[in-house]
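Residues -1 to 656 in the working numbering are what the sequence shown lists, from first letter to last.
C-beta atoms are modelled at their ideal positions from N, C-alpha and C, and glycine is treated no differently.
Just so we're clear, the structure is a prediction, and the values are computed from it rather than from any experiment.
Worksheet for the structure shown next.
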Amino acid sequence: MSGRASVLEIENQWIPLADGTRLAARIWLPSAVLRGEAAPVPAILEYLPYRKGDATAAADARRHPYFAQRGYAAVRVDIRGTGDSDGLLQGEYLPQEQDDALEVLAWLADQPWCTGRVGMIGYSWGGFNGLQIAARRPPQLGAVITVASSDDRYRDDCHYMGGCLLGSDMLKWACTMLTFALQPPDPRFVGARRCRMWRRRLEHAPELGLDWVSHQLRDEFWKHGSVAEDYGAVECPVFVVGGWADAYTNAVPRLLEHLRVPRLGLIGPWGHTMPHEGVPGPAIAFLEEAVRWWDEWLKGMDTGIMDEPPIRIWLQDYVAPAGFYRVRPGRWLGLGSWPADSVEDEVWTLGGEGGLVADGGVRTRPGGAACPIMLSTDHSAVQSGVRLVLRGRQEFGETAGVWCANGFADEMAVDQGPDDERSLCFTSDPLTEAVAVIGHPEAQIRLDVDRPWAAVAARLEDVAPDGKSLLVSWGLLNLTHRDGHQSAEALEVGAAYDVRVQMRVCGHRFAAGHQIRLALSPTYWPHMWPSPQTVTLGVWVSGPSVLCLPVARDTAALEIEGPVTAEDGATARAAEVEPPRDERRREIKVDRTTGRHEIHDREVHERVIATTGARYREEMDDVYSILEGQPLSAAVRCRRCTSSQAEGRRWRVQVEGE
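Here it is, written out as structure tokens:
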């Protein structure tokens, strides 16, 4: 099919399943194909719990018609128990969800307008289940594009990080998903069944948060749906996409390294969103990239996309710390592999006076392994070096920003100075030449604590000549998980342990004249749920503890033109009654009398849906509270209120969690 095809939309199409359940789909097709006047086309499936009729309606209308105009059937399906589909939502990524998807793929392939070849695309939940369904090896699935997703549900999702419970996001996400699960279907499509369906959803609300907190180790609960358990199960080509401001970028290098199918990687500066609407920018012509991928693998065309570097990344430059960036400065690099041949590990020693000194020795990273510095594991050995001590402060973490940025106000980490004052900091001299870090920074530290239950947070920072400090990467480690996340073992008070704290993958260029800083602390509220007692952390320096940085030597030789930033009209908004409303703010309150520290995040998102005129509104309030010196005072309160009003019909769902 040449040129730009005219498109017809089917607002609701029922897809029947073997057990009698019907899933609701919204479909865009080339008009001539639907009329039988043109040859069948491949299908592109996006499979989500986020309500095709309102919550994602505008975004869907900006994305899927683009594919249909270029010779594809674009299909957006509400998963079981959400939106207009039958059934109940009982949890994340359950076997039932995957089984249903296999039936959906078979149904699509069997339609007269489909060639039998299907691709899957999605970000976040849709990125997760695209990988999971690929691992089921359905014969119809020809290729996948996974954006902002993870291959390991325990290691990299909103529940745990480094074995630490994510206080900033676990309850927050449980309330968000419960709100989606409780919203009613559209009476235009389900008719008189609407009240019965809605009542059933209300009576069978899933207890998501209880499930997650009941599985604090990486057990079978988390292994299900984690393609990291068997990368070889994925047999179709995969395009893996992430953003540095997102929380799910760690999966990109792992998938590129371990998958054994044709694959490409792309990491830009964006948050948790699609790259053609990416903030921070520059946003790219991602839908054009996607069509090249689909044409290559679903139509058998040579589009040249596999001639691109295996992974393209946006190498970020320093920018003054702020809660929001419209654009992050930097440049595109093309890497020939992951781990990249051009990257070597550089070792920096933590000094007794708070210095950070490059050892001068570098090692080529062997097969993606951690920086190969051998540390003693003999806890009874006499310690060498200098021991620095820090008593944890519960207020620590107020400069961190949110765990997963979407591209709204007050999300990014601000100047790290206030938190640095509450940390053990190790800072280099001003750099004489630029240092480009591409990969996972890792703090390898010898430490001791005065409690049997403790954790440690590590932050990598770029300190400008004016003293402002930009957060580059960070990581957490539950010290009772020091030997892995399959078991927890209490610490021996006063014993020394050699541990590795892997930080988030990053691509950042430290400019000449800037300084590199590593900051350590036993607290990081609200990201890291606090240990039950205040912890004093001892760190052995001047020899036993190091920072390992994956450094790219000649980035000029790696620079490429990168994806284009124009979208050929695809980013033009679908017809909307009025502009969308997206508001977000963060407020930090400190009561010096009581020692209470409180972070309050509030968001309001409002859309008027073009097809129905309905006003769809989401309100989100999250409050994180803690008393200095009292870790057991930690509390999170979340409120979600979603409403819709159209043509005399009005509904409202409110969820509160604590």
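Check, Outcome
"Suppose the cutoff is 7 Å on Cβ atoms and the five residues either side in sequence are ignored; what does the same chain contact list for residue 169 look like?", "207, 634, 636 and 655"
"For residue 325, which residues of its own chain have a beta-carbon under 8 Å away from its beta-carbon, when the five flanking residues on both sides are left out?", "267, 278, 279 and 280"
"With DSSP collapsed to three states, give me the class of residue 86.", "coil"
"Under the rule that 16 or more other beta-carbon atoms within 10 Å means buried, what is residue 378, buried or exposed?", "Per-residue confidence for residue 378 stands at a pLDDT of 34, beneath the threshold of 50, marking its modelled position as unreliable; no derived number is given."
"Are the stretch 433 to 448 and the stretch 512 to 530 touching by the rule of at least three beta carbon pairs closer than 8 Å?", "yes"
"Starting from residue 523, trace the beta strand (DSSP E) both ways and give me its first and last residue.", "That residue, residue 523, is in no beta strand (DSSP E); it is neither H nor E in DSSP."
"CB residue 43 to CB residue 73, shorter than 8 Å?", "yes"
"What does DSSP give as the partner residues of residue 158 in its beta bridges?", "163"
"Considering only the alpha carbon of each residue, which of 292, 535, 459 and 601 lies closest to residue 65?", "292"
"Classify residue 554: buried if its beta carbon has 16 or more other beta carbons within 10 angstroms, exposed otherwise.", "exposed"
"Anyone know if the C-beta pair for residue 613 and residue 604 falls short of 8 Å?", "yes"
"From what residue to what residue does the alpha helix (DSSP H) around residue 105 run?", "93 to 107"
"Quick one: any contact between the stretch 520 to 531 and the stretch 153 to 169, if contact means 3 or more CB pairs under 8 Å?", "yes"
"Classify residue 29: buried if its beta carbon has 16 or more other beta carbons within 10 angstroms, exposed otherwise.", "exposed"
"Between residue 594 and residue 578, what straight-line distance do the alpha-carbon atoms span, to the nearest angstrom?", "36 Å"
"According to DSSP, is residue 127 helix, strand or coil?", "helix"
"If I'm right that residue 333 touches residue 556 with Cβ under 8 Å, what's the distance once you round it to whole angstroms?", "7 Å"
"Looking at the strands, I want to know which residues DSSP matches up with residue 330.", "312"
"Near residue 459, which residues of its chain fall below 7 Å by C-beta distance, leaving aside the five closest residues on each side in sequence?", "414, 467, 468, 469, 470, 515 and 517"
"For the beta strand (DSSP E) containing residue 534, list its first residue and its last residue.", "534 to 539"
"Can you tell me the Cα-Cα spacing of residue 309 and residue 419, whole angstroms?", "38 Å"
"Is it the case that the Cβ atoms of residue 340 and residue 551 are separated by a distance below 8 Å?", "yes"
"If you draw a straight line from the alpha carbon of residue 180 to that of residue 157, how long is it in whole angstroms?", "21 Å"
"Once DSSP output is grouped into helix, strand and coil, what is the label at residue 429?", "coil"
"At the level of alpha carbons, what is the spacing between residue 668 and residue 243?", "This structure does not reach residue 668, given that the chain is present from -1 up to 656, and the question cannot be answered."
"Given a threshold of 16 other Cβ atoms within 10 Å of its Cβ, counted over all protein chains shown, does residue 193 qualify as buried or as exposed?", "exposed"
"Report the rounded CA-to-CA distance for residue 542 versus residue 497, giving the unit in angstroms.", "11 Å"
"Taking the alpha-carbon positions, what's the residue 146 to residue 282 distance?", "15 Å"
"Cutting at 7 Å between CB atoms, please list the residues of its own chain near residue 113, excluding the five before and the five after it.", "38, 39 and 40"
"Could you spell out where the alpha helix (DSSP H) holding residue 67 opens and where it closes?", "55 to 67"
"Would residue 649 be called buried (16 or more neighbouring beta carbons within 10 Å of its own) or exposed?", "exposed"
"Leaving aside the five residues before and after residue 264 along the sequence, list all residues of the same chain whose C-beta is less than 6 Å from its C-beta, in chain order.", "239 and 310"
"Rounded to a whole number of angstroms, what is the C-alpha to C-alpha distance between residue 253 and residue 16?", "33 Å"
"Nearest by alpha-carbon distance to residue 533: which of 91, 392 and 404 is it?", "392"
"What three-state label does DSSP hand residue 402 in the structure shown?", "coil"
"Measuring alpha carbon to alpha carbon, tell me which residue in 483, 323, 505 and 386 is nearest residue 407.", "323"
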